[in-house]
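Undergrad: Here the working numbering is used: position 71 in the sequence shown is 67, and no number is missing along the way.
C-beta: ideal position from N, C-alpha, C; glycine also.
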Amino acid sequence: EFSKKAYASYIESLDPTKRFFIQSDIAEFQKYELSIDDMIRSKDLAFFDLTYKRLMLRMKESKVIYTNILSKPLDLNDNETINVDYEKLPYAKNKRELVDRWRKQLKLQALSSITDKQKLEDDKKEKDAKYVVKSFETIEKEVRESSLKSLNEYFDFIQKELTRNDWFSIYLNAIVERFDPHTFYFSPEDKEKFDVSMSGTFEGIGARLQKKNDAVEISELISGGPAWKGKELEAGDLILKVGQGKEEPIDVAGMRLDDVVKKIKGPKGTEVRLTVKKVDGTIKVISIIR
């Protein structure tokens, strides 16, 4: 019973909307459904390794699927239905059915967005009789481009920012949460973040960062922090390199956000030098004492 519940929780966490795995994957995974408790005891990671590698493969395939679907106008004339009750929805029988599922989900999202955009256009026309309303074709294209951008950002985050250890944390939590709802596993990095949030103390520069394509952007300066006091760094600046004191700076383009944060953080009183591309396009080296 313990193993079955851990198995169900883990598989649902990996693919809650059933848009990656197909029935043959699940049939392969189910061989381990009653063995997770024994595998914990023997430190056997065969099940985790299988699901992790398969998920990475299916995500890679899914990126090709949605890119192809959104590369041309969607056929919005067919009268179709879609089941969005994911809990009761069975897994796709094969890859062809999975492609069709993606197509219907993207079509549903597109219809919703197109309707909203058309209403905005009508409102603009009502307020200004001279306003030229966008054509349906233009709106449909904009919606597809927006969907593609959002999906690419989501998949880039998953594929570039989440490591095997992050997925392993999901696996372990599916197991430990079976003991009681208050038992939770933290990876070393998450434990460190938790300690910082609980203590209210932080040794760094006092800035929030976010990923922007392959670059790292300053999203916010924390009032009273070193970066805020220095008045040289501002929201929207892109961090290109990070240097410790007088050491040679390291290029951080394409680096995971967590890894960039680790390089910027450090003991209080030490210097970090950031090479940034300012909002106006100029490149500047900014020295900050943590």
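Using 8 Å as the Cβ pair cut-off and three pairs as the minimum, do the region 202 to 220 and the region 165 to 184 touch?
TA: At 8 Å Cβ cutoff, the stretches do not touch.
Undergrad: Out of Val275, Asp152, Asp11, Lys264, which one is the CA nearest neighbour of Gln240?
TA: As a first step, residue 240 is located in the sequence shown; it is residue number 244 there, counting from the start. Measuring from the Cα of Gln240, the nearest candidate turns out to be Lys264.
Undergrad: Return the first residue and the last residue of the beta strand (DSSP E) that Gln240 is part of.
TA: In the sequence shown, residue 240 corresponds to position 244, counting from 1. Looking at the DSSP string, the run of the beta strand (DSSP E) that includes Gln240 is 234 to 240.
Undergrad: In its own chain, which residues sit with a C-beta less than 7 Å from the C-beta of Phe16, not counting the 5 before and 5 after it?
TA: Along the sequence shown, read from residue 1 onward, the residue named residue 16 stands at position 20. Correct list, in chain order: Leu51, Arg54, Met55, Ser58.
Undergrad: Does the structure place the region 2 to 16 close enough to the region 91 to 102 that three or more beta carbon pairs sit under 8 Å?
TA: Yes, they touch.
Undergrad: Look at the Cβ atom of Arg160, then the Cβ atom of Leu66, and state whether they are nearer than 7 Å.
TA: For the purposes of this step, residue 160 is identified with residue 164 of the sequence shown, where counting begins at 1. For the purposes of this step, residue 66 is identified with residue 70 of the sequence shown, where counting begins at 1. Going by C-beta atoms, Arg160 is not nearer than 7 Å to Leu66.
Undergrad: Is there contact between the region 20 to 30 and the region -2 to 8, where contact requires at least three CB pairs shorter than 8 Å?
TA: Touching, yes.
Undergrad: For Leu270 versus Ile218, is the C-beta spacing smaller than 7 Å?
TA: Start at 1 with the first residue of the sequence shown, and residue 270 comes out as number 274. Start at 1 with the first residue of the sequence shown, and residue 218 comes out as number 222. No, the pair does not count as a contact, with Cβ atoms beyond the cut-off.
Undergrad: Out of curiosity, what's the CA-to-CA distance linking Leu205 and Ser283?
TA: The residue you call residue 205 lines up with position 209 of the sequence shown. The residue you call residue 283 lines up with position 287 of the sequence shown. For Leu205 and Ser283, the distance between alpha carbons rounds to 17 Å.
Undergrad: When we look at the beta-carbon of Thr77 and count the other beta-carbons within 10 Å, is it buried (16 or more) or exposed?
TA: On the sequence shown, residue 77 is found 81 positions in, with the first residue counted as 1. Per the 10 Å Cβ criterion, exposed.
Undergrad: According to DSSP, simplified to helix, strand and coil, what is Arg269?
TA: Position 273 of the sequence shown, counted from the first residue, corresponds to residue 269. If DSSP states are grouped into helix, strand and coil, Arg269 belongs with the strands.
Undergrad: Taking 7 Å as the cut-off, decide whether the C-beta atoms of Val257 and Ile246 are in contact.
TA: Locating residue 257 in the sequence shown gives position 261, where the first residue counts as 1. Locating residue 246 in the sequence shown gives position 250, where the first residue counts as 1. In this structure, Ile246 does not lie closer than 7 Å to Val257 by Cβ.
Undergrad: Does the region 104 to 123 come close enough to the region 151 to 165 to have 3 or more Cβ pairs within less than 8 Å?
TA: Too few Cβ pairs lie closer than 8 Å, so no.
Undergrad: Leaving out the 5 sequence neighbours to the left and right, which residues in its chain are closer than 7 Å to Ala2 when beta-carbon positions are compared?
TA: By 1-based counting over the sequence shown, the position of residue 2 is 6. Closer than 7 Å at the Cβ level, and outside the excluded window around Ala2, lie Ile32, Ala170, Ile171, Arg174.
Undergrad: What's the gap between the Cα of Val60 and the Cα of Lys225?
TA: Counted from its first residue, the sequence shown places residue 60 at position 64. Counted from its first residue, the sequence shown places residue 225 at position 229. Going from the Cα of Val60 to the Cα of Lys225 covers about 46 Å.
Undergrad: Going by DSSP in three states, Ala249 sits in which element: helix, strand or coil?
TA: Mapped onto the sequence shown, residue 249 falls at position 253. DSSP places Ala249 in coil when its eight states are reduced to three.
Undergrad: Once DSSP output is grouped into helix, strand and coil, what is the label at Val128?
TA: Translated into positions along the sequence shown, residue 128 becomes position 132. Three-state result, Val128: coil.
Undergrad: What does Lys208 pair with, by DSSP beta-bridge criteria?
TA: Numbered from 1 along the sequence shown, position 212 holds the residue referred to as residue 208. DSSP output for Lys208 lists Ala211 as bridge partner(s).
Undergrad: List the whole-angstrom C-beta distance separating Ile201 from Ala223, where the pair is believed to meet the contact cut-off of C-beta under 8 Å.
TA: Within the sequence shown, residue 201 is the residue found at index 205, counting from 1. Within the sequence shown, residue 223 is the residue found at index 227, counting from 1. With a Cβ gap of about 5 Å, Ile201 and Ala223 count as contacting.
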